[in-house]
Amino acid sequence: MNNVVKFFIFVILIFMSSMAYSFANFSEAKHKNTIDILSLDFLPIVAISLGYAFFEYLFKIPGYYLVRDLFTPIELQMFWLLFTSISVILFQTVFLKKEMQFHSCVSFSLILLILIIDM
């Protein structure tokens, strides 16, 4: 398999992984404003988040192994941060219907800049 195809598959897998990450961490925010982490009502939230986390790693780990010979571990982590930033911004604006804030754009831009400098 050539490197362009590997990278394309990696991008798809890492994006799917980062979307699962966003849902695992923030999906409950749309439904409840306050959650008592000491109550039994919190257990279904943890179970659902663990399910999303399972899919996160189901996509992320094969993606990392696919391109491990093309990128260093720090570059892989920077790709992860970049795609996670994109997915959290999309999640916030599309799913939670909240306005994207300026500092989110700055954070995303800095992560992209660091990745470009590192490569």
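Taking our numbering, the leading residue of the sequence shown gets 95, the next gets one more, and so forth. Just so it is clear, CB atoms sit at the ideal spot from N, CA and C, and this is done for glycine as well.
**Asked** Can you give the beta carbon distance from I205 to L175, rounded, assuming they're within the 8 angstroms contact cut?
**Response** 5 angstroms
**Request:** Determine the direct distance from the alpha carbon of I103 to that of E169, and round the result to whole angstroms.
**Result:** 16 angstroms
**Asked** Is it buried or exposed for E150, if we count other Cβ within 10 angstroms and need 16 for buried?
**Response** buried
**Buried versus exposed, by CB contacts within 10 Å (16 or more), Y159** = exposed
**V188 to L132 span [Cα, whole Å]** = 30 angstroms
**Euclidean distance between Cα positions of I180 and V98** = 22 angstroms
**Asked** What is the C-beta distance between S112 and F177, in whole angstroms, given that I count them as a contact (C-beta under 8 angstroms)?
**Response** 4 angstroms
**Prompt:** Under three-state DSSP, which class holds D163?
**Reply:** coil
**Message:** If the criterion is Cβ atoms closer than 7 angstroms, does the pair L209 and G157 meet it?
**Reply:** no
**Request:** Please state if the CB of S201 and the CB of I183 are separated by a distance shorter than 7 angstroms.
**Result:** no
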